[in-house]
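There are 4 protein chains.
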Amino acid sequence: MTLRVGVLGYRFMGKAHANAMARLPMFFPDAPDVERGVLVGRDEAALAAAADRLGFEEISTDWADVVESVDVFYNLGPNHVHAEPSIAALEAGTPVFCEKPLAPTLDEAEEMAAAAREAGVPAGAAFNYRFVPAIRYAKELIEAGELGEIHHVRGRYLQDWLVDPEAPWSWRNDAEMAGSGALGDLGAHTVDLVRFLVGDVARVSGQLTTFVDERPVEGSDETRPVTVDDAYTAQIELENGAVGTLEASRFANGHKNDHTIEINGSKGSLRFSLERLNELELLSEGDRGYETILVTDEDDPYVDHWWPPGHVIGWEHTFVHENYEFLSAVADDGAFEPGFEDGLAAQRVLAAIEESDDRGEWIATE
Amino acid sequence: MTLRVGVLGYRFMGKAHANAMARLPMFFPDAPDVERGVLVGRDEAALAAAADRLGFEEISTDWADVVESVDVFYNLGPNHVHAEPSIAALEAGTPVFCEKPLAPTLDEAEEMAAAAREAGVPAGAAFNYRFVPAIRYAKELIEAGELGEIHHVRGRYLQDWLVDPEAPWSWRNDAEMAGSGALGDLGAHTVDLVRFLVGDVARVSGQLTTFVDERPVEGSDETRPVTVDDAYTAQIELENGAVGTLEASRFANGHKNDHTIEINGSKGSLRFSLERLNELELLSEGDRGYETILVTDEDDPYVDHWWPPGHVIGWEHTFVHENYEFLSAVADDGAFEPGFEDGLAAQRVLAAIEESDDRGEWIATE
Amino acid sequence: MTLRVGVLGYRFMGKAHANAMARLPMFFPDAPDVERGVLVGRDEAALAAAADRLGFEEISTDWADVVESVDVFYNLGPNHVHAEPSIAALEAGTPVFCEKPLAPTLDEAEEMAAAAREAGVPAGAAFNYRFVPAIRYAKELIEAGELGEIHHVRGRYLQDWLVDPEAPWSWRNDAEMAGSGALGDLGAHTVDLVRFLVGDVARVSGQLTTFVDERPVEGSDETRPVTVDDAYTAQIELENGAVGTLEASRFANGHKNDHTIEINGSKGSLRFSLERLNELELLSEGDRGYETILVTDEDDPYVDHWWPPGHVIGWEHTFVHENYEFLSAVADDGAFEPGFEDGLAAQRVLAAIEESDDRGEWIATE
Amino acid sequence: MTLRVGVLGYRFMGKAHANAMARLPMFFPDAPDVERGVLVGRDEAALAAAADRLGFEEISTDWADVVESVDVFYNLGPNHVHAEPSIAALEAGTPVFCEKPLAPTLDEAEEMAAAAREAGVPAGAAFNYRFVPAIRYAKELIEAGELGEIHHVRGRYLQDWLVDPEAPWSWRNDAEMAGSGALGDLGAHTVDLVRFLVGDVARVSGQLTTFVDERPVEGSDETRPVTVDDAYTAQIELENGAVGTLEASRFANGHKNDHTIEINGSKGSLRFSLERLNELELLSEGDRGYETILVTDEDDPYVDHWWPPGHVIGWEHTFVHENYEFLSAVADDGAFEPGFEDGLAAQRVLAAIEESDDRGEWIATE
């Protein structure tokens, strides 16, 4: 059986997932056969060029048609087109994989999660950092109790592509289209990693900041208002009693894609940075300092599919792992995590941060 | 003229300041002459032994007497004995140097600051990290505009000496004696560095946590309640529009004395860690990444007093610099910063964090 | 036109190059079309399975036939089968790409280089680390004079897979099959990087060491002698007056694939490690310390083909760049560097190190 | 009993040792009482000023007189005045402490060691890096077998104060006065650490380089020839079969005082850098990566004399430890290591490196 995949979106994420699918046969020979079937978008010319480069057989400008005809539907479009096509696919019984954050509003995210529950087919949320070998290895250590009871977590996602006030306006600066700014785009990843590694968030206090209120429209004299956050900070308390701080920014000068997470437990601690994603810094019980571990050994998660110890992998490999797991679940009628429930749970935390910012007080995420 | 100094407290801080005074003649020949005059405490035997080791000429168990007879009074006792002797000294016209936090309560801190204003003599607050060469160098860079407008600040002070639930109870776990826990002991330093480097705090949201509620009393079967925080987190907004997160803990496994501060501005960024206090990581305008700078060149702050480039100094040297500046101010009738006003300002932020924790909402520090 | 490629060798290097060819269309759309035509080996069953997984159309056990029928021949077999098939291909006018070191002996390497000169078709030597973006960026900086006159170079390639004396014997421990040990396998890369970045080597002094003289044969009670070096050290003087030290080991406990190069010049310095291959540490003129640069910006070498800034690539990407350049040269009748002349030049340095070890004195590499 | 100390030399090393002696009473209360008795030099005015600042009671321009009248003699002068006064002191039965390298020539070093053997009083060689807590801790680990059998050692001492060709000529550039350049000044430290941590050197191959042949004389139009090395490299084989590379330079741009040592053994590895002297990077058996250990715990060598965990010490503290051990040995008629025999052993290695450079071949150090 070959899974025919329909993909909405052909830019950054389209390329990342097309590449991931293309690499499965050589590196994950037990993955299901996958056909990059149809690429969906609005601009036919751009679409055709992208389909050619990304290896899709067909193109379509009508997602409604596609979601019914393919075996799997990937929704990689901007946030405001996440809900409708995803729900339509699920209603047609088509497994869906959707980029993060799940939706621009909590209401839409709830509808999507409800549709997934109803459909009973795999509905994946695109938290690809769960598929970094070092993060998986961290998860195994924590589950095995190697860190003991967790006391502290710190998550930060720092970028700097907006620090120049003359950087042009884009849909990512618009509340209608993006829902939120750094909070949804970057914070969604951090919240998911916190949930994956440490547990559910009980309450939050948040702060959203916009440093530059309007930005020039490229190729014109106009400016448009920035209606989302450039940065957020948050304090959290987890259900297991751990406490933490979260933060993301598009103004952190000198940081390109610096997603870090730090965890301190009663027996050990760990630190991770996406910019050095092959490494995990680990303090084990009885050790005097953090070990810098290159998570590239044969028995490290996913590593045996790739190269010998010390031959590092890149950011894109997380998509291969993610696609392998998701498509295998589709083929085997299995379960896939993180699913829409996880997407919704992250969204609830993000919404609570926004609400906390509005009201100036702590918000329970129940 | 020789300044005769009276010092209350002869443990950790007593040793640090006695050493600092002892080293001035060789390394800061233009410092005023200082006589380690009288060491003040309650236990005569311990006091005599300490005075002998630390080079004091006399001992006294009566601070009231001492504050009137010496040229300078150092109050290095526990927090709950900061206010009364310091105020008495100031009322007697004796310059005072007081360890941080200024007092266990905001009220006392305010009385102390008022006494200092009234007295018109130097009243120093013991924020010794202002005297790290790398921090001073950072201050110069920021003041010269090298970082541009500041957007973000992150300050963390991580220790782990209480992570073992069987670690014994001490006065530092008691609200009466210590005022607060990690917040006052560690957070005071962080808040002062934020104020020194970035500016005044406009509002805060805070969270205090106690992970272990009671601890064994050493040498007995009893336990005593822990009535202070083991850790705090905070979000802050500064008057200049920068935002940040603060944190301190005595439960951060693997961290001994890890005080870090990070600042991101529109033109550059910097990072500092007390465990590598000779270094400053600096992103300058036009650079592609952080430079790791060894702040040990001849023209770096205070360095010409010590050793050639690359010959690193230690934690204790910050006390020498601090004592040099404070005692010079005393001798010259000059001004000294940080003073009690700075101690009070830091205390206001700490108190606002506590109040925010109580009330679950943001608190303006006006 | 589509280039039909024949590949001898289907293990580690076979996989690395098959993957590289497979990825060209999506990421390097201007690369020539490539057909993974025929996979060459001795064991038909293993070969068929590999061809299936690596995407080759045919298999063959007769390289002599293949080198005449394909458009390009990749020789990825063990060192002792480098010479004969490569020379046969060149004599047939077929461009050749050969893994490093070029040959187990200097004589064979010289014959290969002569055949390449004669043939006048691209003959590539597999020094893939020239194609790391950070190394290319380093090369640009050095060529632009940013480091000034070079004084020092240090190159080390540290692994630890033989530190256990019970690690089994393999062909890599045999002088007949491998030529040398760490020297040829690892040192070839280091010597090439030194030549690429700094210049030609004028003279060497070398030391070869074998720590464990015999090793167990897997699945038997026998041992076999280790007839190659476990580690080497060398001192070098370059034609431009720079001096340096080189080293490689398979006994450097804790190092998996730690290839580092450091260069100090009159204006600046740089450092690189293969285990953090997205980074370059650079001291620029006027700077006070090394900048840690993430070489993932749009205008960094090759990066625009991949992902946005901060989205790191892996070890395997160097093969994509290398294949892109080599196959483009084949398609365009262009030149490719590093070629067999570079392979030979590196080999001369390695041979001189061996000779120096034998004779206990410095050897000119003329 | 109070030890009256005579010190020849009042610049950099004079200050370092005077400070060390001054700090003993407060931090090492069981050290013998020490009187900074007489400071010896040629320029009376400069001497008087230095004595005043460094706390000496008297000055003298006649070392011959001093070595007979004091209890201990410190020879901290330039290399060419090491031998005569030290030997005179030993002949008078006065314990001697001499800066490194022991002498500008091997002959003189041998005479000094012979005099020390004859005298039977402590004769200390100033290898202060043996007294870094992290190095001592490393020594304990190695002696306890934690690293297993040692295979590799790497030692580098990098500075950059001569990289500017216009940097002025000094006695350190003159073969008569200094004996050698980077080799003796920096390499002596490295060789001693290798001997201390790993063992005796069996044979060496060396290379000395002078990048700039003459330098301007400060305050004149003249230049003077540089007759010593600006940098050296060496390969070594140790008596226990370990191999290594050594290097030092005054031209390593960006490195101020970067003395590093790396050791790989069959069970573990370690790394140390003087610029982060509170840290040791340690790979322990069973660990996956190097731990970054802050060697500031209470039970770390010498640390209990100073401050609580995480409160780092500086370069100068190594002199306090060294003076404590040496002066205690003098007071107790005990033994002190490293002694003149160690100074001589290091010198033999340095001389062999020079001879190897001359002759272009390996030299046994027997």
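Chains as they are written, first to last, in the working numbering: chain A, 177 to 542; chain B, 177 to 542; chain C, 177 to 542; chain D, 177 to 542. Every residue, glycine too, gets a C-beta built ideally from N, C-alpha and C. What you are looking at is a predicted structure, and each value in this text was computed from that prediction instead of being measured.
Trp-345 of chain A and Arg-379 of chain A closer than 8 Å at C-beta: no
For Thr-494 of chain B, the three-state DSSP class (helix, strand or coil): helix
Helix, strand or coil at Ala-301 of chain B [DSSP, three-state]: Collapsing the DSSP output to three states places Ala-301 of chain B in a strand.
Straight-line Cα distance separating Glu-501 of chain B from Phe-495 of chain B: 10 Å
Where Ala-240 of chain B falls, given that 16 or more other Cβ within 10 Å makes a residue buried: exposed
Per-residue contacts from Phe-448 of chain B into chain A (C-beta, under 7 Å): What Phe-448 of chain B touches in chain A: nothing, since even the nearest Cβ is about 14 Å away.
When C:Phe-307, C:Gly-321, C:Met-353, C:Val-404 are compared against His-365 of chain C, the one with the closest alpha-carbon: C:Phe-307
Any 3 or more C-beta pairs closer than 8 Å across the region 477 to 490 of chain B and the region 474 to 492 of chain D: Yes, they touch.
Pick from A:Phe-372, A:Ala-521, A:Glu-542, A:Glu-537 that is closest to Thr-281 of chain A, judged by C-alpha positions: A:Ala-521
Interfacial residues, the region 456 to 482 of chain D to chain A, with Cβ spacing under 9 Å: Leu-456, Glu-457, Leu-458, Leu-459, Ser-460, Asp-463, Arg-464, Gly-465, Tyr-466, Glu-467, Thr-468, Ile-469, Leu-470, Val-471, Asp-473
Exposure label - Asn-349 of chain D; buried when at least 16 CB within 10 Å: buried
Below-8 Å beta-carbon distance, Glu-537 of chain A vs any chain B residue: yes
Where Glu-492 of chain D meets chain B, residues with beta-carbon distance less than 7 Å: Trp-483
Within chain B, partners of Ala-407 of chain A - CB distance below 8 Å: His-327, His-328, Val-419
Assigned exposure category for Pro-309 of chain A - 16 Cβ within 10 Å defines buried: buried
Asn-416 of chain C, buried or exposed, once every other Cβ within 10 Å from all chains shown has been counted against 16: exposed
CB of Asn-440 of chain B within 8 Å of CB of Asn-429 of chain A, strictly: yes
Under 8 Å by beta carbon: chain A residues contacting Ala-194 of chain C: Going along chain A in sequence order, the residues near Ala-194 of chain C (Cβ under 8 Å) are Met-202.
Cβ of Asp-361 of chain B within 8 Å of any chain D Cβ: Not an interface residue.
8 Å Cβ cutoff, Arg-452 of chain B in contact with chain D: yes
Where the alpha helix (DSSP H) through Pro-208 of chain C begins and ends: Element bounds for Pro-208 of chain C: n/a, residue is neither H nor E.
Under 7 Å (Cβ pairs) to chain B, residues found in the region 334 to 359 of chain A: Val-339
Chain C contacts from the region 227 to 239 of chain A (Cβ-Cβ distance under 8 Å): Arg-229, Leu-230, Gly-231
Per-residue contacts from Asp-368 of chain C into chain A (C-beta, under 7 Å): Those within 7 Å of Asp-368 of chain C in chain A number zero; the least Cβ separation is about 18 Å.
Closest residue to Tyr-466 of chain B among B:Asp-476, B:Asp-473, B:Glu-455 (Cα-Cα distance): B:Glu-455
Cα-Cα separation, Arg-330 of chain C to Ala-224 of chain B: C-alpha of Arg-330 of chain C to C-alpha of Ala-224 of chain B: approximately 57 Å in a straight line.
Runs of beta strand (DSSP E) wholly within the region 272 to 355 of chain C (minimum 3 residues, chain order): Whole beta strand (DSSP E) segments, 3+ residues: 272 to 274, 299 to 301, 326 to 334.
At least 3 beta-carbon pairs within less than 8 Å: the region 499 to 514 of chain B vs the region 508 to 519 of chain D: no
Beta-carbon proximity check, Cys-274 of chain B vs Ala-302 of chain B, cutoff 8 Å: yes
Supposed contact pair Thr-468 of chain B and Val-479 of chain B - C-beta distance, whole angstroms, cut 8 Å: About 17 Å; that fails the 8 Å criterion.
Whole-Å CB distance - Leu-446 of chain B paired with Leu-459 of chain B, under 8 Å assumed: Here Leu-446 of chain B really is in contact with Leu-459 of chain B; their C-beta atoms are around 7 Å apart, less than 8 Å.
Closer than 8 Å to chain A by CB, Lys-432 of chain C: It does; some Cβ of chain A falls within 8 Å.
Residue burial classification, Arg-524 of chain A (beta-carbon count within 10 angstroms, cutoff 16): buried
Closest by C-alpha distance to Gly-357 of chain A, when choosing among A:Arg-371, A:Ile-539, A:Thr-385: Minimum Cα-Cα distance from Gly-357 of chain A among the listed residues A:Arg-371, A:Ile-539, A:Thr-385 corresponds to A:Thr-385.
Those residues which DSSP pairs with Thr-436 of chain A across a bridge: A:Arg-332, A:Ser-449
heavy atom of the ligand MG below 7 Å from Ala-407 of chain D C-beta: Summarising the ligand content, the structure contains no ligands, and the ligand MG is consequently not present.
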